[in-house]
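Beneath this line is the structure, given in structure tokens, with notes to follow.
Residue numbers (the working numbering), protein chains in the order written: chain A, 5 to 139; chain B, 5 to 139.
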């Protein structure tokens, strides 16, 4: 049994800060669960264009508000606590957080993130078999 | 892209009520994500003995407090918002919610739950290939 605490893990390398977001990976590939689980904070006013070519991801909003734009259809969906989206088709999207405050999301990735990825210039994480672009 | 809302899905068969808990399965096997994702409410004062023989599960506490007892070691861990536990070894456990209020948890199962399982008398969900014990 693994037991971890978000506040404590925020002080370890499981916390990753990037432009517009901060993520704490409570479960990584090395934990052997077959998925990874991250608590990700999207900074107020952030606009993030993303495309996970190598991963499926689900995102559940726990706090804050914003929107997700599906770049295949142009459709925008409001995000608020209780809303979940799942990128079941490696959907290209833009995630926007309202300026009024951060959005806090519970994210699941399959296959699991190793912790060594960063978003590439194409908005993707590399596949686990590709060399990581950064530590 | 799948977009779902906890409040709306609570009114559908994705909501399952059982003794001591209520779960809304926002992602099920049929969604093709390779995991399932549930928002599960543990009723105040509930004491649930569980053993997922066929699934790995992670649980992140969003609201409320209680404890998890690892039946292999007898160790008890406090549960409060921000605490996550992962049953990476099909751990037998007892989950307890404090009487002061419900615990609300974000749960991930691998392999994904189909939505047709119930906990068997052994505290397990059947494997997906076994006949479901109930609708």
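Ideal Cβ placement from N, Cα and C applies to all residues, glycine included.
What residues are listed by DSSP as bridge partners for residue i?
i             : result
residue 101/A : 70/A
residue 42/B  : 29/B and 111/B
residue 61/B  : 91/B and 113/B
residue 52/A  : 99/A
Starting from residue i and walking both ways along the alpha helix (DSSP H), at which residues does that stretch end?
i             : result
residue 140/A : Residue 140/A lies beyond the stretch modelled for chain A, which goes from 5 to 139, so this question has no answer here.
residue 13/B  : 10-13
Does residue i pass the burial test, meaning 16 or more other C-beta atoms within 10 Å, or should it be called exposed?
i             : result
residue 12/A  : exposed
residue 15/A  : exposed
residue 61/A  : buried
residue 23/B  : exposed
residue 104/B : exposed
residue 80/B  : exposed
residue 93/A  : exposed
residue 77/A  : exposed
residue 21/A  : exposed
residue 137/A : The pLDDT assigned to residue 137/A is 33, lower than 50, so where the model puts this residue is not dependable; a value taken from the coordinates is nonetheless given after this. Residue 137/A is exposed by the Cβ-count criterion.
residue 51/A  : exposed
residue 109/A : buried
residue 121/A : buried
residue 134/B : Note that residue 134/B scores a pLDDT of 43, beneath 50, so its modelled location is shaky; the value from the coordinates is reported in the next line. Residue 134/B is exposed by the Cβ-count criterion.
Residue i and residue j look like a contact to me (Cβ under 8 Å); what is the Cβ gap, rounded to whole Å?
i             : j            : result
residue 112/A : residue 39/B : 6 Å
residue 65/A  : residue 43/A : With a Cβ gap of about 12 Å, residue 65/A and residue 43/A do not count as contacting.
residue 4/B   : residue 10/A : Outside the shown range of chain B, which is 5 to 139, sits residue 4/B, and nothing can be said about it.
residue 18/B  : residue 28/B : 6 Å
residue 47/A  : residue 25/A : 6 Å
Grab the span of the beta strand (DSSP E) containing residue i for me, first residue to last.
i            : result
residue 21/B : 19-22
residue 82/A : 80-83
In terms of alpha-carbon separation, which member of the options lies closest to residue i?
i             : options                    : result
residue 5/B   : 110/A, 10/A, 74/A and 99/A : 74/A
residue 58/B  : 56/A, 37/A and 99/A        : 37/A
residue 114/B : 17/A, 41/A and 28/A        : 41/A
residue 49/A  : 63/A, 70/A, 35/A and 34/A  : 70/A
residue 34/A  : 95/B, 96/B, 97/B and 90/B  : 90/B
residue 101/B : 55/B, 68/B and 88/B        : 68/B
residue 45/A  : 121/A, 107/A and 120/A     : 107/A
residue 97/A  : 30/A, 25/A and 53/A        : 53/A
residue 30/B  : 99/A, 119/A and 88/A       : 88/A
residue 72/B  : 99/B, 119/B and 120/B      : 99/B
Against chain C, with Cβ distances strictly below 8 Å, would residue i count as a contact?
i            : result
residue 46/B : Given the protein chain composition of this structure (A and B), no chain C is represented.
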